[in-house]
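In what follows, a single structure is set out as structure tokens and then discussed.
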Amino acid sequence: MGACTVISSNNSTLDLPVESFTDADGAYARVRALYDQAVDFLRDRFSAFARGEDLGGRVRACYPFIQIRIDSEPRIDSRLAYGFVHGMGTFRTTVTRPDLFDHYLHHQFSLLVKNHGVPLEVGISETPIPIQFAYPEGMHVEGDLTPERLYQLRDYFDLPDLVYMDDSIVNGTHVTPPGQARPLALFTAPRVDYSLHRLKHYTATKPDHFQNYVLFTNYQFYIDEFVRRGLEIMEPSDDPATQAYRRQYEAFIEPGDHITWNQAVYPGKEPQGQKVARLPQMPAYHLKRKDGNGITIVNIGVGPSNAKTISDHIAVLRPHVWLMLGHCAGLRDTQKLGDYALAHGYVRDDKVLDADLPTWVPVPALAEVQVALEDAVEEVTGLKGWELKSIMRTGTVATIDNRNWELRDHSEPVQRFSQSRAIALDMESATVAANGFRFRVPYGTLLCVSDKPLHGEIKLPGMANHFYRARVDQHLAIGMRAMEMMRDTGLERLHSRKLRSFAEAAFQ
Numbered sequence: 001m002g003a004c005t006v007i008s009s010n011n012s013t014l015d016l017p018v019e020s021f022t023d024a025d026g027a028y029a030r031v032r033a034l035y036d037q038a039v040d041f042l043r044d045r046f047s048a049f050a051r052g053e054d055l056g057g058r059v060r061a062c063y064p065f066i067q068i069r070i071d072s073e074p075r076i077d078s079r080l081a082y083g084f085v086h087g088m089g090t091f092r093t094t095v096t097r098p099d100l101f102d103h104y105l106h107h108q109f110s111l112l113v114k115n116h117g118v119p120l121e122v123g124i125s126e127t128p129i130p131i132q133f134a135y136p137e138g139m140h141v142e143g144d145l146t147p148e149r150l151y152q153l154r155d156y157f158d159l160p161d162l163v164y165m166d167d168s169i170v171n172g173t174h175v176t177p178p179g180q181a182r183p184l185a186l187f188t189a190p191r192v193d194y195s196l197h198r199l200k201h202y203t204a205t206k207p208d209h210f211q212n213y214v215l216f217t218n219y220q221f222y223i224d225e226f227v228r229r230g231l232e233i234m235e236p237s238d239d240p241a242t243q244a245y246r247r248q249y250e251a252f253i254e255p256g257d258h259i260t261w262n263q264a265v266y267p268g269k270e271p272q273g274q275k276v277a278r279l280p281q282m283p284a285y286h287l288k289r290k291d292g293n294g295i296t297i298v299n300i301g302v303g304p305s306n307a308k309t310i311s312d313h314i315a316v317l318r319p320h321v322w323l324m325l326g327h328c329a330g331l332r333d334t335q336k337l338g339d340y341a342l343a344h345g346y347v348r349d350d351k352v353l354d355a356d357l358p359t360w361v362p363v364p365a366l367a368e369v370q371v372a373l374e375d376a377v378e379e380v381t382g383l384k385g386w387e388l389k390s391i392m393r394t395g396t397v398a399t400i401d402n403r404n405w406e407l408r409d410h411s412e413p414v415q416r417f418s419q420s421r422a423i424a425l426d427m428e429s430a431t432v433a434a435n436g437f438r439f440r441v442p443y444g445t446l447l448c449v450s451d452k453p454l455h456g457e458i459k460l461p462g463m464a465n466h467f468y469r470a471r472v473d474q475h476l477a478i479g480m481r482a483m484e485m486m487r488d489t490g491l492e493r494l495h496s497r498k499l500r501s502f503a504e505a506a507f508q
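Position 4 of the sequence shown, counting from 1, maps to 4 under UniProt numbering, and the rest follow consecutively.
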């Protein structure tokens, strides 16, 4: 890989040394300065290229890196899930979009300084920034070029390279070559940039709007109710308790980056942006807090492919938890339409993650998430203990990749469902949970029984509409309340050691 060009404000080449910092603020400021300098340079050179100017040769700028050197075996508080490195050596990661990840990076840097007491080192890596990634808003750089200049683009600029974007670190298959630094984070900067651009494409909202508590659903009815609730929260209330609750959320974001401001926080502030005329593949909506700890919901549609695709990309934002709220087929005769199924295990017949996370790897229930979901069901329904069992069952959820599984010979799937002790069947939950396990994002599943195909209660229009009207509001209220409960308990409990492997990257 060729060296990176670093240009000063007067276009002279600079030789920038690696700098050391004993505080997180200083390290962050340096990372941001190097990144801003690099992308400003690329944008300037691309503008000249688009105007037809001669650039005089290839143009390259690289991501900043942060690293830590450990010369003696560290002694770390065994209760910690992240924020420290394993063993001695040099640990490094490239960094992108420090403006977007400011709170996250400050937290990770602070933990390293606190837990190891050694300086943080910041410099320029040898990993080039693709020209497309120099435009965070997802500008389609090719659109400004003539066919001739478009053909020449790769001769002057670096383009996205899959070599830098694989998931070997997060999958646990990465092998560090001798003499090189070990990973400090689960994702490289190019991998993060790739996902940030895909998020805008799939959801029609900027990555900046995504919150740390994410709901996935497989039905538009949940989105409609979330929008109703979100817009209601943006209105002032005469009730002091209601007003205090609503004021924690500053804005509601819809596809197209349409922003409705909370009138109790910003009186008289007009909405911003335009709603999209046509919804994207997986539209996202955001109930936003200033600290990023609000709630995002994404309609992932039906099927494991969408579930994997969107969680692959949201994972780079390092959310604190994601939950699957949706409908399922009830597999037990004693279940009723509208009952809840709380997953404590999964049958992974979705197949989309088999190469990344083998099916022999267990995907366990996480106690912190399970307790929050059960407590939320109790609070919203008013049922407790033995009474709660009348509407909620805990058990295994089976996820398959064939929506019309009912049309097959029943003997084989029914036998497997029975052997696994499955209580519910869907097409997304195990995928969402397995990707949470893979990406070290706490996960959970609460489904609602919408049909019972093994017992003659199939999903027909009239039956479905009645069910939807009766249950969606309550189910969404439970999911949102569970998110707020987990937020209030603190990150130390939510990010447990269960999701970390033998020798983990330090960053959350």
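Glycine is no exception: its CB is placed at the ideal position from the N, C-alpha and C atoms.
Quantities reported herein were computed from a predicted structural model and do not represent experimental measurements.
C-beta contact flag for residue i and residue j at 9 Å
{"i": "Val113", "j": "Leu105", "result": "no"}
{"i": "Pro177", "j": "Phe91", "result": "no"}
{"i": "Phe157", "j": "Ala27", "result": "no"}
{"i": "Leu342", "j": "Glu374", "result": "yes"}
{"i": "Tyr219", "j": "Asn306", "result": "no"}
{"i": "Tyr63", "j": "Tyr35", "result": "yes"}
{"i": "Glu361", "j": "Thr396", "result": "Rather than Glu, the amino acid found at residue 361 in this sequence is Val. Not closer than 9 Å, so no."}
{"i": "Leu186", "j": "Val170", "result": "yes"}
{"i": "Thr445", "j": "Glu368", "result": "no"}
{"i": "residue 518", "j": "Lys288", "result": "Since the first residue shown for the chain is 1 and the last is 508, residue 518 is missing from the structure and cannot be characterised."}
{"i": "Val39", "j": "Ala134", "result": "yes"}
{"i": "Val321", "j": "Pro442", "result": "yes"}
{"i": "Leu153", "j": "Phe49", "result": "yes"}
Coarse secondary structure for residue i, derived from DSSP in three states
{"i": "Leu499", "result": "helix"}
{"i": "Ala61", "result": "coil"}
{"i": "Gly330", "result": "strand"}
{"i": "Lys384", "result": "coil"}
{"i": "Ala33", "result": "helix"}
{"i": "His174", "result": "coil"}
{"i": "Thr94", "result": "strand"}
{"i": "Asp471", "result": "In the sequence under discussion, the amino acid at residue 471 is Arg, which differs from the Asp named in the question. Here Arg471 sits in helix by DSSP."}
{"i": "Met485", "result": "helix"}
{"i": "Gln508", "result": "coil"}
{"i": "Thr359", "result": "coil"}
{"i": "Arg75", "result": "coil"}
{"i": "Val441", "result": "coil"}
{"i": "Phe187", "result": "coil"}
{"i": "Val18", "result": "coil"}
{"i": "Gln335", "result": "coil"}
{"i": "Gly89", "result": "strand"}
{"i": "Tyr340", "result": "strand"}
{"i": "Tyr346", "result": "strand"}
{"i": "Asn11", "result": "Any reading at Asn11 must be qualified, since the residue scores a pLDDT of 44, below 50, and its modelled position is unreliable; the value itself is stated next. Here Asn11 sits in coil by DSSP."}
{"i": "His480", "result": "Residue identity check: residue 480 is Met in the sequence provided, not His. Residue state, collapsed to three classes: helix."}
Nearest residue (CA-CA) to residue i, options the options
{"i": "Leu447", "options": "Leu162, Leu215 and Ser20", "result": "Leu215"}
{"i": "Ile70", "options": "Leu337, Phe84, Pro17 and Phe507", "result": "Phe84"}
{"i": "Ile310", "options": "His320, Lys200 and Asp77", "result": "Lys200"}
{"i": "Gly330", "options": "Phe49, Thr394 and Ala189", "result": "Thr394"}
{"i": "Ala61", "options": "Arg289, Gly301 and Ile124", "result": "Ile124"}
{"i": "Ile66", "options": "Glu73, Glu126 and Val432", "result": "Glu126"}
{"i": "Gln370", "options": "Arg481, Arg198, Asp193 and Val316", "result": "Arg481"}
{"i": "Arg278", "options": "Ser429, Ala204, Leu145 and Arg32", "result": "Ala204"}
{"i": "Leu16", "options": "Gly52, His116 and Val122", "result": "Val122"}
{"i": "Arg355", "options": "Ala189, Ala434 and Gly56", "result": "Per the sequence presented here, residue 355 reads as Ala, with Arg not at that position. Here the closest residue by C-alpha is Ala434."}
{"i": "Gly172", "options": "Arg440, Asp77 and Gln419", "result": "Arg440"}
{"i": "Asp77", "options": "Glu148, Leu111 and Ala48", "result": "Leu111"}
{"i": "Thr93", "options": "Thr242, Pro190, Val118 and Glu53", "result": "Pro190"}
{"i": "Gln132", "options": "Leu150, Leu366 and Leu120", "result": "Leu150"}
{"i": "Arg198", "options": "Arg500, Pro136 and Leu80", "result": "Pro136"}
Chain-order list of residues whose beta-carbon lies under 7 Å from that of residue i (same chain, five-residue window excluded)
{"i": "Glu235", "result": "Gln263"}
{"i": "Lys308", "result": "Val352, Leu353, Thr431 and Asn435"}
{"i": "Gly505", "result": "Checking the displayed sequence, the identity of residue 505 turns out to be Ala instead of Gly. Correct list, in chain order: Ile169, Pro183, Leu184, Ala185 and Leu186."}
{"i": "Gly256", "result": "Ala204, Gly273, Gln274, Lys275 and Val276"}
{"i": "Ala251", "result": "Ile259, Thr260, Trp261, Asn262 and Lys288"}
{"i": "Arg487", "result": "Tyr213 and Asn293"}
Neighbourhood of residue i by C-beta distance below 8 Å, restricted to the same chain and skipping five residues each side
{"i": "Ser9", "result": "Because Ser9 sits at a pLDDT of 41, beneath the cut-off of 50, its placement in the model cannot be relied upon, and the following sentence gives the value as read from the coordinates. Contacts found: none."}
{"i": "Lys351", "result": "Pro304 and Asp401"}
{"i": "His116", "result": "Ile68, Ile70, Pro74, Phe84 and Val85"}
{"i": "Gln474", "result": "Val380 and Thr381"}
Contacts around residue i, its chain only, beta-carbon distance under 6 Å, and the 5 residues preceding and following it disregarded
{"i": "Gln335", "result": "Val449"}
{"i": "Met1", "result": "No answer about Met1 holds up, because its pLDDT of 46 lies below 50 and its placement is not dependable."}
{"i": "Leu196", "result": "Pro207"}
{"i": "Phe437", "result": "Val363"}
- Length-filtered (3 minimum) beta strand (DSSP E) runs lying within the region 190-259: 213-217 and 251-254
- Task: Identify every run of the beta strand (DSSP E) within the region 99-181, keeping only runs that are complete inside it and at least 3 residues long; order them along the chain.
- Result: 120-128
- In chain order, which continuous runs of the alpha helix (DSSP H) of length 4 or greater are located wholly inside the region 390-422? 411-419
- Message: Quick check for students: name the residue ranges of the beta strand (DSSP E) that lie wholly in the region 251-308, counting only runs of 3 or more.
- Response: Complete beta strand (DSSP E) runs here, min 3: 251-254, 258-261, 284-288 and 295-299.
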